[in-house]
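Residue 215 in my numbering sits at position 205 of the sequence shown, and the numbers go up by one each step.
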Amino acid sequence: MNTPGGVRVWQEEPDVLRVRLDRPESRNAQTPQTWADLVSVADQVTPETRFVILDGTAPDFSAGLDRALFAPGASDVTLLSLAQGTDAELDTFIQAAQAAFRVWRSLDAHVVAVVQGNAIGAGFQLALAADLVVVHPEAHLVLRETALGIIPDLGAAAHLHPTLGYSRALALTSGIPISGSTAYAWGLATVLSESPEEATQVLLDQLRAANPGALRAAKRVMADVSAGAEPWVTERHAQMQRMRDLIREFTQ
11 MNTPGGVRVW QEEPDVLRVR LDRPESRNAQ TPQTWADLVS VADQVTPETR
61 FVILDGTAPD FSAGLDRALF APGASDVTLL SLAQGTDAEL DTFIQAAQAA
111 FRVWRSLDAH VVAVVQGNAI GAGFQLALAA DLVVVHPEAH LVLRETALGI
161 IPDLGAAAHL HPTLGYSRAL ALTSGIPISG STAYAWGLAT VLSESPEEAT
211 QVLLDQLRAA NPGALRAAKR VMADVSAGAE PWVTERHAQM QRMRDLIREF
261 TQ
């Protein structure tokens with residue numbers, strides 16, 4: 011399936027859904043339609059799908075916002091037209107955009123971002139929105155929003171500050187670029203590989219060794235704790251539910 015916003019989606023394996031930013035002419039730049047399409051795709055992930063792979067048509071992951079958003083009259087929605095709207099209109103637009111980045115942690119499936127080439131602005135933030143990140147050492151990751159007079163608002167603070175602390179998170183949101191190797195060293199990526207696609211398949215095979223229900227529960231615990239839930243209580247309640255589920259599985 012190819013969506014109007016340049017998202018290509020296909021069932022790669024019975025348990026793997028591939029979601030690809032497929033606008034190579036713009037280095038997989040993102041538009042409001044792209045974000046709406048990503049939310050729609052995520053909402054249609056079936057229980058049989060254990061893994062979602064997020065990537066971009068080579069050679070880049072995503073160059074961030076489409077340039078049309080910065081050119082007055084180039085599209086129906088531009089940053090200028092948004093800035094001239096009401097607070098309510100601007101807030102609604104940003105919330106809708108953020109939904110395309112928040113939705114992946116809400117899925118039962120493990121979401122893996124495969125990053126190579128450029129991951130700029132919204133591209134970098136989409137990678138951060140995944141559960142796991144496989145990155146090429148020479149990938150170029152940067153939040154360039156401040157160079158355009160705005161700030162990153164698609165999850166950068168939510169994902170960077172807990173992992174990196176104040177100083178490094180501020181450096182990145184201020185526009186300091188990093189390589190894939192640095193992203194891995196700083197804990198922003200799960201796997202570092204010069205062959206990201208092969209490394210992703212190895213990672214999926216390792217995850218398949220786990221009980222599917224336990225894998226879903228483990229993700230939910232981490233997602234809930236990341237959102238502010240009390241860790242010990244969250245683990246305890248999740249374990250209680252898993253034990254009940256196992257009894258049902260073994261007695262059916």
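C-beta atoms are modelled at their ideal positions from N, C-alpha and C, and glycine is treated no differently.
Member of the options whose CA lies at the smallest distance from the CA of residue i
i             : options                        : result
glutamine 251 : Ala140, Phe71, Glu148, Gly223  : Gly223
threonine 41  : Ala209, Ala107, Met11, Pro57   : Ala107
threonine 173 : Gln105, Arg18, Thr200          : Thr200
histidine 150 : Gln21, Ser189, Pro82           : Ser189
alanine 166   : Ala179, Ile104, Gly95          : Ala179
glutamate 148 : His247, Leu142, Tyr194         : Tyr194
glutamate 259 : Lys229, Ala228, Asn221, Ala239 : Asn221
aspartate 25  : Pro82, Asn128, Val55           : Val55
proline 187   : Ser36, His247, Ala157, Asp76   : Ala157
glycine 238   : Ser177, Ser203, Ala168, Glu22  : Ala168
lysine 229    : Arg60, Glu204, Met11           : Arg60
aspartate 76  : Val19, Ser36, Arg18            : Ser36
proline 69    : Asn128, His171, Thr210         : Asn128
Cut-off 6 Å between Cβ atoms - residues of its own chain near residue i, not counting five sequence neighbours on either side
i             : result
proline 34    : Thr67
leucine 79    : Thr88, Leu89
aspartate 255 : Gly223
proline 206   : Val124, Gln126, Val144, His146
glycine 74    : Ile130, Gly131, Ala132, Gly133
alanine 227   : Ala248, Arg252
Same chain, Cβ closer than 8 Å to residue i, neighbours up to 5 away in sequence not counted
i              : result
valine 235     : Pro241, Thr244
glycine 159    : none
arginine 154   : Gly74, Ile130, Gly131, Gly185
leucine 117    : Ala52, Val55, Val62
isoleucine 161 : Glu155, Thr183
leucine 100    : Leu92, Ala93
leucine 142    : His120, Val121, Val122, Ala123, Thr200, Val201, Leu213
glutamine 262  : none
Expected contact under 8 Å - CB spacing of residue i and residue j to nearest Å
i             : j              : result
arginine 30   : aspartate 65   : 5 Å
alanine 119   : valine 212     : Not quite, the Cβ-Cβ distance comes to about 18 Å (not below 8 Å), so this is no contact.
leucine 217   : leucine 225    : 6 Å
valine 152    : glycine 185    : 7 Å
asparagine 38 : serine 72      : 4 Å
alanine 140   : valine 121     : 5 Å
aspartate 47  : isoleucine 104 : The Cβ separation is near 18 Å, so there is no contact.
Identified DSSP bridge partners for residue i
i              : result
glutamate 204  : Partner(s): none; glutamate 204 has no beta bridge.
leucine 142    : Val122
glutamine 21   : Leu27
asparagine 38  : None; asparagine 38 has no bridge partner.
histidine 150  : Asn128, Ser189
asparagine 221 : Answer is none; asparagine 221 lacks a bridge partner.
Cβ shell of residue i (< 7 Å), same chain only, five flanking positions each side left out
i          : result
glycine 16 : Leu31, Asp32, Arg33, Thr44
valine 49  : Ala109, Ala110, Val113
proline 82 : Thr88, Leu90
*asked:* At 4 residues or longer, what runs of the alpha helix (DSSP H) sit wholly inside the region 53-97?
replied: Counting whole runs of 4 or more residues, the region 53-97 contains the alpha helix (DSSP H) stretches 89-93.
Practice item. Any chance you could list the alpha helix (DSSP H) runs of at least 4 consecutive residues sitting entirely within the region 209-257, in chain order? Key: Within the region 209-257, the complete alpha helix (DSSP H) runs of at least 4 residues are 222-236.
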